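Colleague: Below is one structure. I have some questions about it.
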Amino acid sequence: MMSLKELHAGDGYTYLLRHVVDAEGMAGTVSPLSRYYAESGNPPGWWMGTGLTGLAHGSGIDAGSVVTEAQMERLFKHGTDPATAVPLGRRFAQPKSWRERADARIHALPTDLTGHERATRIAAIETQERDRPARRPVAGFDCVFSPPKSVSALWALAPDQVRAQIEHAHHDALAEVLRVIERDVARTRIGTRGVAQVDTRGVIATAFDHYDSRAGDPQLHTHVVIANRVQGPDGSWRTLDSRGSLFPAAVAMSELYDTLLADHLTQELGVGWERRGTPRKPKNQSWEITGIPDQLITEFSQRAHGIEAVKDDLIAAYRQAHGRDPDDATILRLRQQATYATRPGKQFRSLAEMSTDWRARATHVLGKDPGQWAASLIDRAAASPTHPNSVAGLVDRLATEALTELSTERSTWRTWNIRAAAARVSMPYRLPTTSDRDSLIEAITRRVIELSVCITPPELADTPKVFRRADGTSAFQRSHADVYTTTTILTAENHLLAAAESLTAPVVDDDVIPKTVTASTSRQSTLSDEQSSAVVAIAISGRVVDVLVGPAGSGKTTTLAALRSVWEDQHGDGSVVGLAPSAAAADVLRESLGIATENTTKWLHESTGPAAEHRLRRAAHMRERRAAALAAGRSTAPFDAALAQLNEATQRWRFHAGQLVIVDEASLAGTLTLDTLHAQVERAGAKLLLVGDPAQLSAVDAGGAFGLLARHLGDHAPQLTGVRRFTHAWERDATIRLRQGDTDVVDTYLQHDRVHSGDSEEAVDAAYDAWRVDMAAGLTSLLIAADASTVRDLNARARADRVTAGDIEPDGVALHDGTTAGRGDRVVTRRNNRNLVTGARSWVKNGDHWTVQHRHDDGSLTVTRAAGGHAVTLPAAYVAEHVELGYATTTHRAQGATVDTAHTIVDPIATTRESLYVGMTRGRHANTAYVITDHDDELPDGLVRDAGGVLVDVIRRTGAELSARETITAEQDHATTIARLAAEYDTLAREAATHHWTGLLSTYPLPDADAAGSPAYAALVSAMRRADAHGLNPTTLLPRLADRDELHANDDPLDLLGRRLEEVTDRAAATGRARTRGRMIVGLIPAATHVVDPEMRRALDEREALIEHRAAALVQQAITERSPWLTGIGPAPPNPQQRKHWMRCVTTIAAYRERHEITGPDALGDQHRRDDWAYRSDRRRAAEALHAVRHASAAVDTLAGGIAHERRPIRISGPAL
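Printed below as a string of structure tokens:
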């Protein structure tokens, strides 16, 4: 696999250089790993990438040559040429210290403050600045290439020759991935706000091999650090487009590495490959070398613990406390505690030392000499690559598999998703060359695209040749970023929307509702007004598909109980049935409402899936035998009975007229699932009610349908807003604000001490300790982590502590994730098994929690539910594959649970707003976040990220999946937004007049003759265009902005000139000394001048038309929707000429709002981004337009008032008439 993370400027790169062996005296290139076999530490790094040729003034650095510490410092600390120290574009900005930031704010404090007030303000400022993280530029991207565990295990134990072959295959695979990155991924951005994405001349990268994991286990892996500096087509140095290209492609590159490594190893060693485990999704499958046992992989997958030293400390503490040595059982418990409670830093040993240790450990697992075992495995290996022609005929089938995977998991996908899926489905086939693999993945990708529906809008305006990439695509369209879906998904969404508008479903009569709601209220907890309104709205709506939206803790269960009473009073007992995406959620719904329930997967399996098809085949067979018996004069009774049983079974899995079918947790249900259910309901004459919250986690399958319906119905969808779950009133309000994405709510949680932070270990420790205290106090509590790996570690830790406390037995059955479970443990089952019955209508379900009562010698476990009930024995095979420890859980598994307290670990990368909302709404009494503020190993010592800032970023990061239809709208809006079109227009206008602006600059004595090559050239030309539009003359201004000495002393004189010109223009506009000249598009954007190229002129005119059309559409939308910002302005004048002027001004305001993402009710929004000159200029023009509009509207009001006043004396009404 390949993982990817940012590496920041500063000392972050130094972690790659720690304990690198001395490379002095070596040849120019790095030797094989065997060169460093006896030396302690890691081998030195080497240079990679075709971008190296642009370094050293064009002389370049040789690929494969050794990387020195001085070169790393220049490139990754300062952003300069590693050979010459010349800046590659702009140097990395050095962030100010907290002291410098605090001093600047203190200096700006009002002078009339009292001594106490000043001291208080200073203390607050210093605290804020000390806690605020310094913003550090991104210096590079650390791509970590790690072979599968079986490869590292074989490498660790194999003879030297085989080890070298594995290393060679690994290096060849990552080198090929880097080549593909250079060809298809490495892009940079140019133009206003980086609106154009262009090709690069390759990347600059350093590569560092590491032998082992932090645990000391064999883990061959290579850090390939790609510098955040690339040359564009013009030779200028810029940054990589990481968010638009590199990160989106990461998974596809990881899958490509896996397939290439497998190809190379089969070619080199003849090893075969096989899937491991029983994952549900292809993307989660593990491919390992055939013949490498799972036990060996598990042995080499242990965490670092420093077990022996910590165990000795624990034994010493035991002696001191008890006055005696611990017995063997106690020593075992202490060792287990040490195993899971310690995390030492990474140790650096020689490869020879580590190999000795690895072979000793492997001997215990294999029962034989590891070297001989490895050699024997290689001798027996006889796999060979498949001929490319054989695989070529499989493209259609593989493309269908890839499309099935994509459309099952999501409603829409992009090209990189397709390429990742194409690599996965091609993994079973070994190919002889990298070009064969590349061709196969490309062929599958093309075929999937042909089978999909592209929903990305086409180019709306012409793109001149100068802004087209080498492959002919427009630089204004992100490469490989087209969005796709299928007609099946679009049709399903259309069906659901139509059903939500269809009013043919059964209803409850008006005269039934009042008495039934009253009776239900007397039996249940009192219904609020909104709950009663929701019951009535659903009961009488007649919609075939209805929606009930409710945040966590809003009383959905109480509402549904009342609805059930109302519905059954009209339609009879049993007329309400329930479904849920999981068996556990269906069980909760059954217990809460007292109705028959089932999980959606099982329902579809029985009603339309394989089980239904099996019954149809059996019925056809029975009818044939019955006909034969009838023809032969024999009794048909046996066949009649069998057909009756089949019919009864079929009817049990059908909906019936008048039924209300409730789907709980509907946001977790896939679109195709909901469409199938809707079709069944509609055919039966029933009604489908979807219950959930689109602000919580979305479906694992292709989803977005529930949110689509909720937003489509709007006010017609009943919503519960009164949150009732929480003990504290402030927390009820806070959860609503968190659900809405209000980032200011972070302060509320901080004020109530519900946020704790630290590095990864500190945050996890704090969450675990708090959870453990709550559990010891007898509270029900959840310990929630963002990923399964952290959950596994927490589970293991909890078990070790319970072993130490004597609560559970130390021994146990091995589980699939490497943990163990024994008598007394809390476990959770992860697969439904209806054959394991625990009582009437009760069986083992995915997500059920149990306590182990007995561990059997064959590996089976006898368990009882945490809430009590009948015992059941889980078979050994089930335990090994589908049982996990149940002390910690993931956010997805926590959704729907209600406990006393919840402790959520917040990962700054993986956690989204939806998952944070779920975690912070599970507990009645308290919900606490434990924020990881130091996610990366490369953070310099002493630098800690601010917890509040991490939470703000998390809240802004939504993970909710949009439906395909909503994605179409979003893509169209993105293509036509004024922010994007204005940036394209400004970029084209600047390029079209290059001859004019460069000619102007050529008359100015700049230190560097190549002005257009400066990173600040675009910003300077934009500043000159803006100054020109304000009536200022850049030609006369530029010589007065900086003298020759200042320009020569500045790293980038154009940057200095641009900033000063913006300041002058801004000051002139603010004081009224500037006057607009020339034409302004929608009152904001200076029209292009000095354009002579017809192709450029056409491209500019087309974008101008699009901008004006978009602005007019925004105004019309605001008028139709009566947007608050527009209603606050006042009415349009009746006079046609005045109305035209009013519309022009309102158009300017609307364009300003969209260009700068103003969404609040105030027309101009809060004044922010004070250092953004373009924003300040646009805001000033919008303010002028607002003043003119209000003046015109006030005149209308005055005129209307005068007319009314004049008419009042002669108005006749009432008796006078």
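If you're matching positions, the sequence shown starts at 3 in the working numbering and goes up one per residue.
No residue lacks a Cβ here, since even glycine has one placed at the ideal position from N, Cα and C.
Note that the coordinates shown come from a computational prediction; the quantities given were computed from them, not determined experimentally.
Quick check: what's the CA-CA separation for L606 versus T675?
Modeller: So the alpha carbons of these two residues sit roughly 8 Å apart.
Colleague: Taking DSSP as the reference, what is the three-state secondary structure of T202?
Modeller: In the structure shown, T202 sits in coil (DSSP, three-state: anything other than H, G, I, E or B).
Colleague: Expressed to the nearest angstrom, what Euclidean distance is found between the alpha-carbon atoms of A671 and L715?
Modeller: Cα to Cα, A671 sits roughly 18 Å from L715.
Colleague: Between the segment 983–992 and the segment 183–202, can you find at least three pairs of beta-carbon atoms closer than 8 Å?
Modeller: Judged by Cβ distances under 8 Å, the segment 183–202 makes contact with the segment 983–992, as three or more pairs qualify.
Colleague: The beta strand (DSSP E) with N1035 in it runs from where to where?
Modeller: It is not in any beta strand (DSSP E) - N1035 carries neither H nor E in the DSSP assignment.
Colleague: Hey, T190 and V140: beta-carbon distance below 8 Å or not?
Modeller: Taking 8 Å as the Cβ cut-off, T190 and V140 do not qualify as a contacting pair.
Colleague: Is the beta carbon of A588 closer than 8 Å to that of L595?
Modeller: Not in contact: L595 and A588 (Cβ atoms no closer than 8 Å).
Colleague: Which residues in the same chain have their Cβ closer than 7 Å to the Cβ of E8, if we skip the five residues on either side of it in sequence?
Modeller: Correct list, in chain order: V140, F143.
Colleague: Go through its chain and collect everything with a Cβ distance to L964's Cβ below 6 Å, but skip five positions before and after it.
Modeller: G706.
Colleague: Is it buried or exposed for T487, if we count other Cβ within 10 angstroms and need 16 for buried?
Modeller: The residue in question, T487, is buried, as its Cβ has 16 or more Cβ neighbours within 10 Å.
Colleague: Here's a check: name, in chain order, each residue in its chain whose Cβ is nearer than 7 Å to the Cβ of E572, leaving out the five neighbours to either side.
Modeller: Here residue 572 turns out to be Gln, not Glu, going by the sequence shown. Answer for Q572: V510, D511, V514, listed in chain order.
Colleague: Per DSSP, what are the beta-bridge partners of K2 in this structure?
Modeller: No answer is possible for residue 2: it lies beyond the span of the chain, which begins at 3 and ends at 1219.
Colleague: Which runs of the alpha helix (DSSP H) at least 4 residues long sit entirely within the segment 674–737? Give them in chain order.
Modeller: Counting only runs of 4 or more, we get 707–715.
Colleague: How long is the line joining the alpha carbons of N848 and G193, rounded to whole angstroms?
Modeller: About 53 Å.
Colleague: Secondary structure at F478, three-state DSSP: helix, strand or coil?
Modeller: It is coil, neither helix nor strand.
Colleague: Please identify the residue among I907, P1017, Q974, D767 whose C-alpha is closest to the C-alpha of C1220.
Modeller: Past the boundaries of the shown model lies residue 1220; the chain is included only from 3 to 1219, so the question cannot be answered.
Colleague: Do you know whose CA, among R165, A896, R107, lies nearest V1's CA?
Modeller: No answer is possible for residue 1: it lies beyond the span of the chain, which begins at 3 and ends at 1219.
Colleague: As an exercise, report each continuous alpha helix (DSSP H) stretch of at least 4 residues that is fully enclosed by the segment 728–791, in chain order.
Modeller: Entirely contained in the segment 728–791, the alpha helix (DSSP H) runs reaching 4 residues are, in chain order, 731–742, 747–753, 762–778.
Colleague: Let me make sure I understand the geometry here. Which of R1027, I980, T969, R967 has the alpha-carbon closest to that of V996?
Modeller: The sequence shown places Thr at residue 996, rather than the Val named in the question. When each option's Cα is compared against that of T996, the closest is R1027.
Colleague: Determine the DSSP secondary structure at I228, reduced to helix, strand or coil.
Modeller: Strand.
Colleague: What does DSSP give as the partner residue(s) for L1256 in the beta ladder?
Modeller: Beyond the ends of the chain as shown, which are 3 and 1219, falls residue 1256; an answer cannot be given.
Colleague: Within 10 angstroms of the Cβ of D985, are there 16 or more other Cβ atoms? Answer buried if so, exposed if not.
Modeller: With the sequence shown as reference, residue 985 is identified as Ala, and Asp is not the correct amino acid for it. Buried, because 16 or more other Cβ atoms sit within 10 Å of the Cβ of A985.
Colleague: Can you check DSSP and say which residues form a bridge with E276?
Modeller: Answer by DSSP bridge pairing, in chain order: E290.
Colleague: Apply the 10 Å Cβ neighbour rule to T86 and answer buried if 16 or more other Cβ atoms are within range, or exposed otherwise.
Modeller: With fewer than 16 Cβ atoms within 10 Å of its Cβ, T86 is classed as exposed.
Colleague: For a test of the three-state rule: what should DSSP assign to R382, helix, strand or coil?
Modeller: In the structure shown, R382 sits in a helix (DSSP, three-state: H, G or I).
Colleague: Does DSSP classify I515 as helix, strand or coil?
Modeller: In the structure shown, I515 sits in a helix (DSSP, three-state: H, G or I).
Colleague: Could you check what DSSP says for A209 in three-state terms: helix, strand or coil?
Modeller: A209 falls in the strand class under three-state DSSP.
Colleague: Could you check whether T978 and R1112 sit closer than 8 Å to each other, using their CB atoms as the reference points?
Modeller: Yes, Cβ-Cβ distance for R1112 and T978 is below 8 Å.
Colleague: From the DSSP output, in three-state form, read off L887 for me.
Modeller: Note: L887 maps to strand in three-state DSSP.
Colleague: Enumerate in chain order the residues of its own chain whose CB-to-CB distance from D296 is below 8 Å, with the five nearest sequence positions on each side excluded.
Modeller: Closer than 8 Å at Cβ, skipping near neighbours: R278.
Colleague: Any idea which residues DSSP pairs V901 with across the strands?
Modeller: V901 is bridged to G925.
Colleague: Pick helix, strand or coil for A861, following the three-state DSSP scheme.
Modeller: Residue 861 is actually Gly in this sequence, not Ala. Of the three classes helix, strand and coil, the one that applies to G861 here is coil, per DSSP.
Colleague: Helix, strand or coil: which one does DSSP assign to M1145?
Modeller: Note: M1145 maps to helix in three-state DSSP.
Colleague: Let me check one thing: in DSSP terms, what residues is P1088 bridge-paired to?
Modeller: Answer is M1082.
Colleague: Return the residue from the list A1044, V748, S152 that minimises the CA-CA distance to V956.
Modeller: Checking every option, the nearest Cα to that of V956 belongs to V748.
Colleague: Look up Q233 in the DSSP assignment and give the residues it is bridged to.
Modeller: Answer is W239, bridged to Q233.
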